[in-house]
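K.L.:
Pasting in a structure now, in structure tokens, and then I'll have a few things to ask.
Residue numbers (the numbering used here): 652 to 1204.
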């Protein structure tokens, strides 16, 4: 059949080990017809074939974003972004300017604040100085802490505190009132609920569905947030994503977008299992898996949080944090977690666990090991998300169990946007060599999948590639970088495999989906320090153009 579209005069990196390079790609019916030398592919052109001259640019499989939060990210694109803003003066100006520019907004929400935003722990009194007459809150860049002003705490019913599940906390002050710091989802979800953002966070916060049933207008507003996020991701070359927050409602909204022609990427969405749930709740995961199982929308996996994050010292450690007598606690007791892993695995569900501290990572591996013992070996591809610290004894355990290391190149302090000073506060110096490992895990046999964790960090894959290639070793530690082609594989074929999408996408070979990205340059010739400034010329998902730089093609 004649091709619908041909990309030629390109430097094609297929991620197919049998045919790693080519000059052109032919697309037809939403799939790749052929990949090969320019003359042979151009011969497939018909009278109606669109031919794109790539001009020597790099052509790759569409990027697979292995860990992001699409609903959050789409919603937050419309909120105040604090990246690059430091100190009380600049922060106050930014907040007041944003509030003045949006007089119709009852709530002012800012995102991207880090834990050293001020020269002291931030409180509601600081936020009151910035903005007191409207409810106002700042979400931390890692989305595990929110700081709220007094008005916001009053409206959310948190000013006088509230009992929380283990691992979630409304921090109280010596005056018997909340300080304004809200740690983890259960603690800050009442604030977002009052702000009208409850549906965005309900899946990750509770594992449940919106109640009451959203109105048609609310569904339309939520679809708009998802579409805004999808468009943003398409501009960065993303054609597939693992959405790490969500529920049945999220999938239903995406199905509605699909019917409208607005689903710009393949999306996989989990069932969130929470510590308060019974094993029978996995029936809901089965329902999601059954109802969403095409090449564009899938579930089939369970997401859990084993701990929090290092900045708020809620990540569960084997040893006390520097200068403290605390190491945090797991969100799941060992016996309960193992039982969940065994049952989810028995049902054929993939498991993904947020585990940042070395104790959390160990318990997660133990759970996967228990599942393998109970159910026998299978192609489960269970995952650990983040792995910011791991004990040396646990490193060789991932490979034999087939556990994917789902890592975020922008996360290591000093690699991209997060300050290097964080290392001093949360890791003992003699453990820096065990923090944010990449090469060590890969050399031990762990499959890699890379992501941004957007909106925790910038979703830009090109910036993520630069961070992976330019990240320096921590003081006195080994170099944890892998090479360009390993990085690209972790953002394409590695991510597709980790998501059980390698039967659909991730490599450029005949028969797979025409998910393609054209880099605005030759990525192999660009110096690593310049890659982050390199744009995306064109994004194709299922053969359809989802993003194009103005003036290209």
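Glycine included, each C-beta is placed from N, C-alpha and C at the ideal position.
1. Measure the C-alpha to C-alpha separation of residue 1025 and residue 1052 and round it to an integer number of angstroms.
2. Grouping DSSP H, G and I as helix and E and B as strand, with all else coil, what is residue 1198?
3. Can you tell me whether residue 696 is helix, strand or coil according to DSSP?
4. Spatial neighbours of residue 1093 within its chain, please: C-beta separation below 8 Å, excluding the five flanking residues on both sides.
5. Check whether the stretch 1151-1168 touches the stretch 702-713, taking contact to mean three or more Cβ pairs, one atom from each stretch, closer than 8 Å.
6. At the level of alpha carbons, what is the spacing between residue 824 and residue 1096?
7. Determine, using beta-carbon pairs with one atom in the stretch 753-763 and one in the stretch 727-737, whether at least three such pairs fall under 8 Å.
8. Within the same chain, show all residues whose beta-carbon is closer than 7 Å to that of residue 750, passing over the 5 residues directly before and after it, in chain order.
9. To the nearest angstrom, how far is the alpha carbon of residue 1147 from that of residue 851?
10. Quick check: what's the CA-CA separation for residue 1088 versus residue 1151?
11. Quick check: the Cα distance between residue 752 and residue 727, rounded to an integer number of angstroms?
12. Could you tell me the distance, in whole angstroms, from the CA atom of residue 1085 to the CA atom of residue 980?
13. Taking the alpha helix (DSSP H) that residue 1120 belongs to, which residues open and close that run?
14. Out of 1027, 1062, 1023, 1031, point me to the one whose CA is closest to residue 1038's CA.
15. Give the DSSP-derived three-state secondary structure of residue 961 in the structure shown.
16. Who are the Cβ neighbours of residue 902 in its own chain at under 7 Å, not counting the five residues just before and after it?
17. Does the distance from the CB of residue 1122 to the CB of residue 1165 come in under 8 Å?
18. Taking only runs that begin and end inside the stretch 1119-1174, name each unbroken alpha helix (DSSP H) of 4 or more residues, in chain order.
19. Decide yes or no for the touch test of the stretch 716-726 against the stretch 676-694: beta carbon pairs closer than 8 Å, at least 3 of them.
20. Is residue 1071 closer than 8 Å to residue 1101 when the C-beta atoms are compared?
21. So residue 827 and residue 798 are supposed to be a Cβ contact under 8 Å. How far apart are they, rounded?
22. Please list, in chain order, all residues of the same chain as residue 1205 whose beta carbon is under 6 Å from its beta carbon, the five residues on each side excluded.
23. Using 8 Å as the cut-off, can you tell me whether the stretch 1109-1121 makes contact with the stretch 1182-1201, which would need three or more C-beta pairs spanning the two stretches below that distance?
24. Return the residue from the list 959, 933, 1117 that minimises the CA-CA distance to residue 994.
25. Taking the Cβ atom as the reference point for each residue, do residue 885 and residue 1091 lie within a distance shorter than 8 Å?
26. Using the three-state DSSP reduction, which class does residue 955 fall into: helix, strand or coil?
27. Within the same chain, show all residues whose beta-carbon is closer than 8 Å to that of residue 964, passing over the 5 residues directly before and after it, in chain order.
28. Of all the alpha helix (DSSP H) runs that stay within the bounds of the stretch 719-775, which reach a length of 4 or more residues?
29. Once DSSP output is grouped into helix, strand and coil, what is the label at residue 1045?
30. Skipping 5 residues on each side, what residues in its chain have a beta carbon closer than 6 Å to that of residue 1006?
31. Report the rounded CA-to-CA distance for residue 770 versus residue 739, giving the unit in angstroms.
32. Beta-carbon within less than 7 Å of residue 706's beta-carbon, same chain only, minus the 5 sequence neighbours each way: which residues are those?
33. Name the residue from 841, 801, 747 whose alpha carbon lies nearest to the alpha carbon of residue 820.
34. Since residue 708 contacts residue 1170 with CB under 8 Å, what's their CB separation in whole angstroms?
35. To the nearest angstrom, how far is the alpha carbon of residue 1060 from that of residue 698?
36. How big is the Cα-Cα spacing for residue 658 and residue 1173?
P.N.:
Considering the structure as presented:
1. Translated into positions along the chain shown, residue 1025 becomes position 374. Translated into positions along the chain shown, residue 1052 becomes position 401. Cα-Cα distance, rounded: 13 Å.
2. Looking up residue 1198 in the chain shown gives position 547. Here residue 1198 carries a strand assignment [DSSP, helix/strand/coil].
3. Within the chain shown, residue 696 is the residue found at index 45, counting from 1. Strand at residue 696.
4. The residue you call residue 1093 lines up with position 442 of the chain shown. Excluding residues within five positions, the ones whose Cβ falls inside 8 Å are 1056, 1099, 1133, 1137.
5. Verdict: yes, contact present.
6. Locating residue 824 in the chain shown gives position 173, where the first residue counts as 1. Locating residue 1096 in the chain shown gives position 445, where the first residue counts as 1. The straight-line gap from Cα to Cα measures roughly 47 Å.
7. yes
8. Along the chain shown, one-based indexing puts residue 750 at 99. Counting only Cβ-Cβ distances below 7 Å, and skipping sequence neighbours, we find 759, 782, 785.
9. The residue given as residue 1147 occupies position 496 in the chain shown. The residue given as residue 851 occupies position 200 in the chain shown. Distance from the CA atom of residue 1147 to the CA atom of residue 851, rounded to whole angstroms, is 26 Å.
10. By 1-based counting over the chain shown, the position of residue 1088 is 437. By 1-based counting over the chain shown, the position of residue 1151 is 500. Going from the Cα of residue 1088 to the Cα of residue 1151 covers about 24 Å.
11. As a first step, residue 752 is located in the chain shown; it is residue number 101 there, counting from the start. As a first step, residue 727 is located in the chain shown; it is residue number 76 there, counting from the start. Distance between the alpha carbons of residue 752 and residue 727: 16 Å.
12. Here residue 1085 refers to the residue found at position 434 when the chain shown is read from its first residue. Here residue 980 refers to the residue found at position 329 when the chain shown is read from its first residue. Taking the straight line joining both Cα atoms gives about 20 Å.
13. The count along the chain shown starts at 1 and reaches residue 1120 at position 469. Taken as a continuous stretch (DSSP letters only), the alpha helix (DSSP H) holding residue 1120 covers 1112-1121.
14. Start at 1 with the first residue of the chain shown, and residue 1038 comes out as number 387. Per the Cα distances, 1062.
15. Start at 1 with the first residue of the chain shown, and residue 961 comes out as number 310. Coil.
16. Numbered from 1 along the chain shown, position 251 holds the residue referred to as residue 902. 920, 939, 943, 948, 950.
17. The count along the chain shown starts at 1 and reaches residue 1122 at position 471. The count along the chain shown starts at 1 and reaches residue 1165 at position 514. No. Outside cutoff.
18. Runs found: 1135-1141, 1144-1149.
19. No: fewer than three Cβ pairs fall under 8 Å.
20. Position 450 of the chain shown, counted from the first residue, corresponds to residue 1101. Position 420 of the chain shown, counted from the first residue, corresponds to residue 1071. The answer is no: Cβ separation not under 8 Å.
21. Here the question's residue 827 lines up with position 176 in the chain shown. Here the question's residue 798 lines up with position 147 in the chain shown. Residue 827 to residue 798, Cβ: 19 Å. No contact.
22. The first residue shown for the chain is 652 and the last is 1204, placing residue 1205 beyond what the model contains.
23. With the cut-off at 8 Å, the stretch 1109-1121 and the stretch 1182-1201 touch.
24. Sequence index remark: in the chain shown, residue 994 carries index 343 (1-based). Among 959, 933, 1117, the Cα nearest to that of residue 994 belongs to 933.
25. For the purposes of this step, residue 885 is taken as residue 234 along the chain shown, with counting starting at 1. For the purposes of this step, residue 1091 is taken as residue 440 along the chain shown, with counting starting at 1. No; because the gap between Cβ atoms is not below 8 Å, this pair is not in contact.
26. By one-based count along the chain shown, residue 955 stands at place 304. If DSSP states are grouped into helix, strand and coil, residue 955 belongs with the strands.
27. On the chain shown, position 313 is the one that residue 964 refers to. Within the same chain, residue 964 has close Cβ partners 972, 975, 977, 979, 1077.
28. 721-727, 739-752
29. Here residue 1045 corresponds to residue number 394 of the chain shown, with the count starting at 1. Reduced to three states, the DSSP call for residue 1045 is helix.
30. Position 355 of the chain shown, counted from the first residue, corresponds to residue 1006. If we look at residue 1006 and ignore the five residues flanking it on each side, its Cβ neighbours are 957, 1012, 1015, 1035.
31. The count along the chain shown starts at 1 and reaches residue 770 at position 119. The count along the chain shown starts at 1 and reaches residue 739 at position 88. In a straight line, the C-alpha of residue 770 is about 9 Å away from that of residue 739.
32. For the purposes of this step, residue 706 is identified with residue 55 of the chain shown, where counting begins at 1. Excluding positions up to five away in sequence, the list reads 660.
33. Against the chain shown, residue 820 aligns to sequence position 169. Checked all of 841, 801, 747; the closest Cα to residue 820 is 841.
34. Reading the chain shown from its first residue, position 57 is the one you call residue 708. Reading the chain shown from its first residue, position 519 is the one you call residue 1170. With a Cβ gap of about 6 Å, residue 708 and residue 1170 count as contacting.
35. For the purposes of this step, residue 1060 is identified with residue 409 of the chain shown, where counting begins at 1. For the purposes of this step, residue 698 is identified with residue 47 of the chain shown, where counting begins at 1. Rounded to whole angstroms, residue 1060 to residue 698 spans 44 Å at the Cα level.
36. As a working note, residue 658 is residue 7 in the chain shown. As a working note, residue 1173 is residue 522 in the chain shown. About 15 Å.
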